[in-house]
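With the numbering used here applied, the sequence shown corresponds to residues 75 to 321, in that order.
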Amino acid sequence: MNNVELEHVINTELNVREFQDYAPNGLQVEGRPHIQRVITGVTACQALLDEAVRLEADAIIVHHGYFWKNESPVIRGMKRRRLQTLLCNDINLYGYHLPLDAHPTLGNNVQLARQMGVKIIGNIDALLPHGVFDQPITPAELTERLEQRLERKVLHCGDNAREEIRTIAWCTGGGQSFIEQAAEFGVDAFVTGEVSEKTIHVAREMGMHFYSAGHHATERYGIKTLGEWLANHHGLDVTFVDIPNPA
Numbered sequence: 075m076n077n078v079e080l081e082h083v084i085n086t087e088l089n090v091r092e093f094q095d096y097a098p099n100g101l102q103v104e105g106r107p108h109i110q111r112v113i114t115g116v117t118a119c120q121a122l123l124d125e126a127v128r129l130e131a132d133a134i135i136v137h138h139g140y141f142w143k144n145e146s147p148v149i150r151g152m153k154r155r156r157l158q159t160l161l162c163n164d165i166n167l168y169g170y171h172l173p174l175d176a177h178p179t180l181g182n183n184v185q186l187a188r189q190m191g192v193k194i195i196g197n198i199d200a201l202l203p204h205g206v207f208d209q210p211i212t213p214a215e216l217t218e219r220l221e222q223r224l225e226r227k228v229l230h231c232g233d234n235a236r237e238e239i240r241t242i243a244w245c246t247g248g249g250q251s252f253i254e255q256a257a258e259f260g261v262d263a264f265v266t267g268e269v270s271e272k273t274i275h276v277a278r279e280m281g282m283h284f285y286s287a288g289h290h291a292t293e294r295y296g297i298k299t300l301g302e303w304l305a306n307h308h309g310l311d312v313t314f315v316d317i318p319n320p321a
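Encoded structure:
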């Protein structure tokens with residue numbers, strides 16, 4: 075597949091034109107024209123780039139790419155090394171941020187719902203879905219489920235909250251700012267990747283369960299599923315590479 079054709083295929087599927095994002099979605103660094111072997115991963119860190127070189131990949135597709143708003147435009151140090159790796163090895167880099175979070179079948183949010191065993195009901199916000207468990211579960215059961223599925227420890231705050239959880243809202247990655255919207259909507263629990271100091275106070279004072287399950291951990295599944303979709307529907311050789319990150 076041609077590299078521009080691949081960009082068009084993904085852009086169309088993820089409906090990227092509908093999103094105002096913090097970084098460009100699509101082909102961010104151009105490499106060789108023909109693509110067959112693809113590496114997917116959460117973040118375009120140096121370790122992922124090195125693995126792509128080792129595996130002789132034609133392209134890398136990530137959730138967290140480059141050229142974020144308000145970052146320094148200077149190409150030096152870490153940024154120089156990363157771009158040098160891509161350009162010297164003629165590897166294409168594609169990045170898909172908010173469109174991958176929100177996609178109704180491939181996206182991070184829907185994939186996290188599947189990991190939690192949640193039935194999606196609707197959206198409080200474009201990036202804040204809500205849903206229900208078939209049967210109420212205890213806060214400890216949700217902690218255990220998240221830790222087993224995401225393979226990491228989870229922070230839970232449940233002061234002044236209900237003894238059982240039936241309704242839930244979630245946002246993968248750094249979605250802690252949505253906690254007040256979730257609480258005002260009336261769900262029993264809110265799950266996201268990151269936590270801020272004030273998040274715990276909001277959870278306590280609004281009487282809801284809050285879970286911080288890791289930015290990286292909650293966003294592994296969308297990019298992995300996108301790669302599987304490309305392999306199944308477009309015949310590409312796709313390998314998901316998970317570079318561990320405790321954050």
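Yeah, the Cβ is synthetic: ideal placement off N, Cα and C, and Gly gets one too.
Report the rounded CA-to-CA distance for residue i versus residue j, giving the unit in angstroms.
i    : j    : result
G331 : I274 : Absent from the model: residue 331. The displayed extent of the chain is 75 to 321, so no value can be given.
A256 : C245 : 10 Å
H283 : I113 : 36 Å
G151 : L157 : 10 Å
N166 : E104 : 5 Å
A97  : F141 : 6 Å
V116 : I135 : 8 Å
L310 : L88  : 18 Å
R223 : Q189 : 6 Å
T217 : G196 : 23 Å
H108 : A131 : 11 Å
L220 : P318 : 17 Å
A118 : N99  : 13 Å
C162 : K272 : 44 Å
D95  : N183 : 17 Å
H32  : R236 : For the chain, the structure presents residues 75 to 321; residue 32 sits outside this window and is missing.
K153 : H82  : 26 Å
E258 : E145 : 34 Å
L304 : Q110 : 11 Å
E125 : E215 : 36 Å
N76  : A187 : 34 Å
G139 : H308 : 23 Å
D199 : E79  : 32 Å
F93  : K143 : 14 Å
H177 : D164 : 29 Å
H289 : Q185 : 14 Å
T86  : T313 : 22 Å
Could you say which of the options lies nearest to residue i if we only look at CA atoms?
i    : options                : result
L201 : F264, R219, P213       : F264
G181 : I84, E279, M75         : I84
T299 : G249, H82, D175        : D175
G260 : A305, V312, V206, Q120 : V206
P210 : K193, P203, R226       : K193
D208 : G301, W303, G191       : G191
V315 : V78, M75, A121, G139   : A121
R302 : D164, H290, T179, H289 : Checking the sequence, you will find Glu at residue 302 rather than Arg. Ranking D164, H290, T179, H289 by Cα distance to E302 puts T179 first.
Quick check on the burial criterion: 16 or more other C-beta atoms within 10 angstroms. Buried or exposed for residue i?
i    : result
A133 : buried
V148 : exposed
L123 : buried
R128 : exposed
R106 : exposed
T159 : buried
R294 : buried
D262 : buried
E225 : exposed
A321 : exposed
Pull up the CB-CB distance for residue i and residue j, whole angstroms please, since I reckon it's below 8 Å.
i    : j    : result
V269 : S251 : V269 to S251, Cβ: 11 Å. No contact.
V276 : I253 : 5 Å
Y170 : L101 : About 11 Å separates the two Cβ atoms, so there is no contact after all.
I242 : P213 : No, I242 and P213 are not in contact; Cβ-Cβ is about 11 Å, not under 8 Å.
G267 : G249 : 7 Å
P173 : V90  : 5 Å
T292 : G232 : Not a contact, Cβ separation roughly 19 Å.
R278 : N234 : 6 Å
At a cut-off of 7 Å, is residue i close to the ligand MG when judged by its beta-carbon and the heavy atoms of the ligand?
i    : result
L220 : Absent from the structure shown: the ligand MG. Ligands present: none.
| At which residue ranges does the stretch 158 to 186 contain complete beta strand (DSSP E) runs of 3 or more residues, listed in the order of the chain? | 166 to 169
| said: Ignoring anything shorter than 3 residues, give me the beta strand (DSSP E) runs that lie fully in the stretch 88 to 132, in order along the chain. | reply: 100 to 103, 111 to 117
| field | Ordered list of alpha helix (DSSP H) runs contained in the stretch 185 to 237, each at least 4 residues | value | 213 to 224
| field | Uninterrupted alpha helix (DSSP H) stretches inside the stretch 238 to 309 (no shorter than 4 residues) | value | 253 to 259, 271 to 280, 289 to 292, 294 to 308
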